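Asker:
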Amino acid sequence: MNGSRLINATVCHVERSETSRTIFSGGHAGEPETNLRFFAVLRMTKSIYGQSCSDGAVRRPRSAAPKMETPHMGVATTCMRLRVVMFLLLLCPATAFAHTRGGEAIGFVSGFEHPISGWDHVLAMMAVGLWGAQLGPPAVWLLPVTFPMVMAFGGMLRLMGVKLPGVEVCIALSAIALGLMVLREAKPNLLAAAFLVGFFAIFHGHAHGTELPAGANGLLYSIGFVIATGLLHATGIAIGTIHRWPKGRVVLRVAGAVVMAGGAVFLWGALT
Amino acid sequence: MKRALWLSLLLVIGVPSADAHLMSTGLGPFYDGLTHLFVTPEDLLPVIALALFAGLCGPESGRAVLFTLPVAWLAGAFIGESSDMPLTLPITTALVTIAFGILVAADRPLPFRLVVGCAVVLGMLHGSLNGTDLGQQRAFGLSIAGVAVALFVIVSLLAGQVASVRLAWGRIVVRVAGSWIAATGLLMLGWAVRGRMG
Chain X
148 MNGSRLINAT VCHVERSETS RTIFSGGHAG EPETNLRFFA VLRMTKSIYG QSCSDGAVRR
208 PRSAAPKMET PHMGVATTCM RLRVVMFLLL LCPATAFAHT RGGEAIGFVS GFEHPISGWD
268 HVLAMMAVGL WGAQLGPPAV WLLPVTFPMV MAFGGMLRLM GVKLPGVEVC IALSAIALGL
328 MVLREAKPNL LAAAFLVGFF AIFHGHAHGT ELPAGANGLL YSIGFVIATG LLHATGIAIG
388 TIHRWPKGRV VLRVAGAVVM AGGAVFLWGA LT
Chain L
15 MKRALWLSLL LVIGVPSADA HLMSTGLGPF YDGLTHLFVT PEDLLPVIAL ALFAGLCGPE
75 SGRAVLFTLP VAWLAGAFIG ESSDMPLTLP ITTALVTIAF GILVAADRPL PFRLVVGCAV
135 VLGMLHGSLN GTDLGQQRAF GLSIAGVAVA LFVIVSLLAG QVASVRLAWG RIVVRVAGSW
195 IAATGLLMLG WAVRGRMG
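Protein chains in written order, with my numbering: chain X, 148 to 419; chain L, 15 to 212.
1) Going by DSSP, what residue range makes up the alpha helix (DSSP H) through residue 74/L?
2) Taking the continuous alpha helix (DSSP H) assigned at residue 394/X, which residues delimit it?
3) Please classify residue 479/X as buried or exposed, where buried requires at least 16 neighbouring CB atoms within 10 angstroms.
4) How is residue 236/X classed by DSSP in three states: helix, strand or coil?
5) Kindly indicate the opening and closing residues of the alpha helix (DSSP H) around residue 139/L.
6) In the structure shown, what three-state DSSP assignment does residue 204/L receive?
7) Tell me the rounded alpha-carbon separation between residue 327/X and residue 321/X.
8) If you follow the alpha helix (DSSP H) that residue 170/L is part of, which residue opens it and which one closes it?
9) Please name the residue in 235/X, 331/X, 340/X and 295/X whose C-alpha comes closest to that of residue 371/X.
10) Please decide whether residue 365/X counts as near chain L, where near means a Cβ-Cβ distance under 9 Å.
11) Using 9 Å as the limit for Cβ to Cβ distance, is residue 288/X near chain L?
12) Suppose you measure from the CA of residue 232/X to the CA of residue 193/L; what does that come to, to the nearest Å?
13) Going by Cα to Cα distance, which pick from 42/L, 73/L and 62/L is closest to residue 168/L?
14) Given a limit of 9 Å on CB to CB distance, which residues of the stretch 82-103 of chain L reach chain X?
15) Which bits of chain X does residue 122/L rub up against, with CB to CB less than 8 Å?
16) Under DSSP, the alpha helix (DSSP H) around residue 333/X begins and ends at which residues?
17) Kindly examine the ligand ATP and report whether one of its heavy atoms sits closer than 8 Å to the Cβ of residue 289/X.
18) Let me know the secondary structure DSSP gives residue 379/X once reduced to three states.
19) With 16 as the cutoff for other CB atoms within 10 Å, does residue 65/L come out buried or exposed?
20) Do you know how far the Cα of residue 110/L is from the Cα of residue 403/X?
21) Using a beta-carbon distance below 9 Å, is residue 194/L in contact with chain X?
22) Put residue 181/L into one of helix, strand or coil per three-state DSSP.
23) Specify the secondary structure class of residue 101/L as computed by DSSP and reduced to three states.
24) Given a cut-off of 9 Å, decide if residue 258/X and residue 200/L are closer than it, judged by their beta-carbon atoms.
25) Let me make sure I understand the geometry here. Which of 332/X, 377/X, 414/X and 342/X has the alpha-carbon closest to that of residue 280/X?
26) Taking just the CA atoms, how far does residue 175/L sit from residue 181/L?
27) Using only alpha-carbon positions, find the residue among 222/X, 293/X, 283/X and 260/X that is nearest to residue 119/L.
28) For the stretch 172-204 of chain L, list every residue whose C-beta sits within 7 Å of some C-beta in chain X, in sequence order.
29) Measuring CB to CB, does residue 287/X end up less than 9 Å from residue 389/X?
30) Checking contacts by CB at 9 Å: is residue 208/L closer than that to chain X?
31) What residues of chain X sit near residue 56/L, judged by a beta carbon separation below 8 Å?
32) Figure out for me which residue from 339/X, 397/X and 318/X has the closest Cα to the Cα of residue 415/X.
33) Would you call the CB atoms of residue 382/X and residue 227/X closer than 9 Å?
34) Would residue 260/X be called buried (16 or more neighbouring beta carbons within 10 Å of its own) or exposed?
35) Measuring alpha carbon to alpha carbon, tell me which of 172/L, 205/L, 83/L and 197/L ends up nearest residue 72/L.
36) Just verifying my parser: in three-state terms, what is the DSSP assignment at residue 241/L?
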């Protein structure tokens with residue numbers, strides 16, 4: 148309780164101080180936004196608890212005080228936690244991005260972010276993992292081994308200037324086909340499964356593997372891209388372990404239907 | 015057809031000049047060399063692949079590579095140092111990375127002598143490239159000694175761990191890592207060819 152009063156008093160003091168007026172009228176370059184955010188959080192805290200600082204005194208609203216004293220201690224605890232969270236938020240500085248990122252770090256980070264940021268890629272990768280989990284060994288690891296290698300081959304073709312027709316359509320079709328396999332719990336022989344996965348992987352690599360930002364390191368971009376793709380497979384496999392339970396099988400099939408639906412949306416977008 | 019083959023060969027053995035230099039740690043040339051490998055993925059990836067492969071081939075191969083690779087690297091570096099111009103072989107190094115990555119992913123152990131031969135080839139190739147690249151640096155001997163120590167550490171850690179793996183899934187994890195290295199190598203090859211084509 149004392150802690151919350153201390154926060155409120157701090158809020159009032161800071162808001163009324165000369166410093167705040169200086170900041171709002173424009174201080175150092177880059178600071179106003181940070182400070183506006185700072186005061187936005189403070190105002191939000193006050194609006195939650197209905198407190199006013201107009202007279203500089205620390206007052207507790209009539210509506211809030213009884214709530215704190217009611218036997219419903221769960222509410223009081225939640226309020227206290229909220230205050231602690233708000234206080235912690237106040238301590239978080241907003242970082243400045245004054246410099247453009249460049250060089251090797253941006254290469255790896257961009258490559259790592261790329262597969263994760265595109266839903267078409269995410270759906271297909273996850274579906275490969277889910278399907279592998281349904282098929283069991285050795286497909287559970289063979290498919291995720293096949294995909295990155297063939298995907299990289301597709302990326303290499305693009306880098307060498309080889310063009311492929313209908314890349315976006317094939318990526319959408321990959322989600323539909325792989326989602327259908329998961330939905331039906333299809334169990335073709337290993338070679339056919341690897342061929343299906345590999346065929347679509349070429350298009351994923353061709354489309355996504357080479358979108359290197361300017362100034363980034365191509366090799367580190369590639370490493371990030373391959374690792375992120377592999378980790379998406381691993382996530383799919385980890386989710387697919389629910390296949391051992393009857394209800395888990397149903398959930399997996401539903402997930403396959405969701406992947407299919409996502410693929411259909413992407414296909415519509417690619418064709419229109 | 016013959017012309018295309020010649021063109022491919024020229025692309026592979028073409029020797030563009032390098033613009034790389036040793037990263038300065040502020041701790042002296044030995045530590046600069048020690049960190050060089052860790053900040054040069056072109057060198058690091060095939061070394062990791064070879065260490066994993068040596069581990070998959072068994073403790074005997076792992077031990078052989080542990081000593082062969084740094085020695086071959088040192089020998090290659092001192093040979094490369096005599097070159098006046100820094101060189102890189104991006105296509106060749108990419109092909110080597112792909113080859114070692116595929117060897118790991120396939121998990122087909124080779125005879126002991128072939129594994130040692132792979133270590134010699136890799137060490138001589140990358141060592142000579144390092145030599146041409148770092149030969150102009152001050153205290154070249156200390157720098158390259160740092161590189162050799164880093165190689166020893168990497169190979170001993172990776173090959174030792176992989177050689178001691180008994181669980182089936184442990185080998186699968188190593189094979190997956192090999193496939194990732196091969197995939198990265200394929201993209202390396204693409205970047206190298208693209209750079210050559212302008």
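Built from N, CA and C at the ideal position, the CB exists for glycine as well. For clarity, every value in this text was computed on a predicted model and none was experimentally measured.
Answerer: This is what the structure holds:
1) 73-95
2) Run containing residue 394/X: 393-418, per the alpha helix (DSSP H) assignment.
3) Nothing in the structure corresponds to residue 479/X, since chain X is present only between 148 and 419.
4) helix
5) 126-148
6) DSSP places residue 204/L within a helical segment (H, G or I) once states are collapsed to three.
7) 10 Å
8) 154-177
9) 295/X
10) Yes, because at least one Cβ of chain L sits closer than 9 Å to the Cβ of residue 365/X.
11) yes
12) 44 Å
13) Nearest of 42/L, 73/L and 62/L to residue 168/L, Cα basis: 62/L.
14) none
15) Within chain X, no residue comes near residue 122/L; the closest Cβ sits about 14 Å away, beyond 8 Å.
16) That residue, residue 333/X, is in no alpha helix (DSSP H); it is neither H nor E in DSSP.
17) Absence of the ligand ATP is noted for the structure shown, with no ligands found whatsoever.
18) helix
19) buried
20) 39 Å
21) yes
22) coil
23) strand
24) No, Cβ-Cβ distance for residue 200/L and residue 258/X is not below 9 Å.
25) 332/X
26) Those two C-alpha atoms are separated by around 12 Å.
27) 293/X
28) 186, 189, 190, 193, 194, 196, 197, 198, 200, 201, 202, 203 and 204
29) no
30) Taking 9 Å as the CB threshold, residue 208/L lines the interface with chain X.
31) 366, listed in chain order.
32) 318/X
33) no
34) exposed
35) Selected option, being the one with the closest Cα: 172/L.
36) Given that chain L is displayed from residue 15 to residue 212, the structure contains no residue 241/L and the question cannot be resolved.
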